[in-house]
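Counting from 1, position 79 in the sequence shown corresponds to residue 110 in the numbering used here; the numbering is continuous, with no gaps. So the structure is just underneath, and the comments pick up after that.
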Amino acid sequence: KKAYRKKALESHPDRNKDNPRAEEQFKLLNEAYAVLSNKEKRRQYDMYGNEQFHKRFSQEDIFRDFDIDEIYRSFGARANKRADNFGFGGDPFADFFGNRGGGGRTASSMRGEDLEHLLTITLEEACFGTDKIISFDNNGKPQETNIKIPGGITEGKKLRLAGKGQRSLYGGKPGDLYLKIHIQEHPAFKLENGDIAVDHEIILTEALLGTTIEVPTLYGSKVVKVPPSTQSHSKLRLKGMGFPKSGKEKGDQIVRIVVKYPKTFSEEQLKLLHNLKSMGL
32 KKAYRKKALE SHPDRNKDNP RAEEQFKLLN EAYAVLSNKE KRRQYDMYGN
82 EQFHKRFSQE DIFRDFDIDE IYRSFGARAN KRADNFGFGG DPFADFFGNR
132 GGGGRTASSM RGEDLEHLLT ITLEEACFGT DKIISFDNNG KPQETNIKIP
182 GGITEGKKLR LAGKGQRSLY GGKPGDLYLK IHIQEHPAFK LENGDIAVDH
232 EIILTEALLG TTIEVPTLYG SKVVKVPPST QSHSKLRLKG MGFPKSGKEK
282 GDQIVRIVVK YPKTFSEEQL KLLHNLKSMG L
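Okay, structure coming up:
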């Protein structure tokens, strides 16, 4: 407070009649003191920065609970008298705030802050949708709410819960709560642009001769034919067995074939391989 009064005396227009910017500097100083001397206002200023702070808060908000009479008592005058002498009209801060973008906003119109929380769900929950009860902290108070997660929701999507954010400091409407979706890694499936990829291992003879395999999908097991002479890392596509897209459309499931080669061979197996080699295989 002492530092403020010292600065106020130095920048007071009556003491700086030759400085055309004295009045503006004096008004800026008053605002700075009004913000910095209030713990909550200072927190809001640090959070939003100068420009956004003045867009969100009107002059009424900033100078709420600010005793302007105390300022002018420091100079031995009443507030309304000094306001008239400075040519500000009835409100010494009206001109200053007129260009700050906060004009006309009353404290009761100020919404509370929005909140954002990360919500982790399984791949199955993302695919089919689910209902969840979530717990979160709101202004230091634990809260719970029900949330319906639609099927086909994707990574990073945000769900908005209106009115579930922080309460307004000035009696306005509360902010909103945004839930940012994170789909946790699945032990078998991998989501790739709406398709579901899964690896399936077969042995060398199955790759050469062809085989039938049973593949897991999000919708249950599926029997799939592997054609003869299938190469390792070949892909088999199961239409409509993937992740939901827009409307009723679904992606595909991609089965990636992994051929498992033997590390050792018996003598009989080696003889057979040499015979195959002699036959041009």
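Quick reminder that beta carbons are idealized off the backbone N, C-alpha and C, glycines included.
To which residues does DSSP link residue i through a beta bridge?
{"i": "threonine 161", "result": "Ile180"}
{"i": "serine 260", "result": "BP columns for serine 260 are empty, so no partner."}
{"i": "histidine 148", "result": "Leu210"}
{"i": "proline 275", "result": "Lys281"}
{"i": "lysine 253", "result": "Val246"}
{"i": "valine 286", "result": "Val229, Leu267"}
{"i": "serine 166", "result": "Glu175"}
Beta carbon of residue i: closer than 7 Å to some heavy atom of the ligand SAH?
{"i": "glutamate 232", "result": "The ligand SAH is not part of this structure, which contains no ligands at all."}
So is residue i buried or exposed if we call it buried at 16+ other beta carbons inside 10 Å?
{"i": "glutamine 75", "result": "buried"}
{"i": "alanine 65", "result": "buried"}
{"i": "phenylalanine 274", "result": "buried"}
{"i": "threonine 296", "result": "Just to set this straight, residue 296 is phenylalanine in the shown sequence, not threonine. Exposed, since its Cβ has fewer than 16 Cβ neighbours within 10 Å."}
{"i": "glutamate 41", "result": "exposed"}
{"i": "leucine 249", "result": "buried"}
{"i": "alanine 238", "result": "buried"}
{"i": "proline 259", "result": "exposed"}
{"i": "isoleucine 164", "result": "exposed"}
{"i": "glutamate 54", "result": "buried"}
{"i": "glycine 196", "result": "buried"}
{"i": "asparagine 61", "result": "buried"}
{"i": "methionine 272", "result": "buried"}
{"i": "glycine 80", "result": "exposed"}
{"i": "lysine 270", "result": "exposed"}
{"i": "lysine 291", "result": "exposed"}
{"i": "proline 205", "result": "buried"}
{"i": "phenylalanine 124", "result": "Residue placement at phenylalanine 124 cannot be trusted, given a pLDDT of 38 that sits under 50; the coordinates are not used to answer."}
{"i": "glycine 143", "result": "buried"}
{"i": "lysine 70", "result": "exposed"}
{"i": "lysine 58", "result": "buried"}
{"i": "lysine 335", "result": "The chain is shown only over 32 to 312; residue 335 falls outside these bounds and no answer can be derived."}
{"i": "leucine 374", "result": "Outside the displayed range of the chain (32 to 312) lies residue 374, so it cannot be described from this structure."}
{"i": "leucine 149", "result": "exposed"}
{"i": "leucine 222", "result": "buried"}
Helix, strand or coil for residue i? Go by DSSP, reduced to three states.
{"i": "alanine 125", "result": "Reliability of the predicted coordinates at alanine 125 is poor, the pLDDT of 40 falling under 50, and no value is obtained from them."}
{"i": "leucine 269", "result": "strand"}
{"i": "serine 309", "result": "helix"}
{"i": "lysine 291", "result": "strand"}
{"i": "lysine 48", "result": "coil"}
{"i": "asparagine 69", "result": "coil"}
{"i": "arginine 142", "result": "coil"}
{"i": "phenylalanine 57", "result": "helix"}
{"i": "phenylalanine 296", "result": "coil"}
{"i": "lysine 302", "result": "helix"}
Fully enclosed by the region 168-247, which beta strand (DSSP E) runs are 3 residues long or longer?
172-180, 189-192, 208-214, 221-223, 226-234, 242-246
Assess contact between the region 279-290 and the region 219-229, defined as three or more Cβ pairs (one per stretch) separated by less than 8 Å. Is contact present?
yes
Would you say the region 195-215 touches the region 231-249, given that touching needs at least three Cβ pairs under 8 Å?
no
Check whether the region 176-183 and the region 148-159 touch, using three or more Cβ-Cβ pairs below 8 Å as the test.
yes
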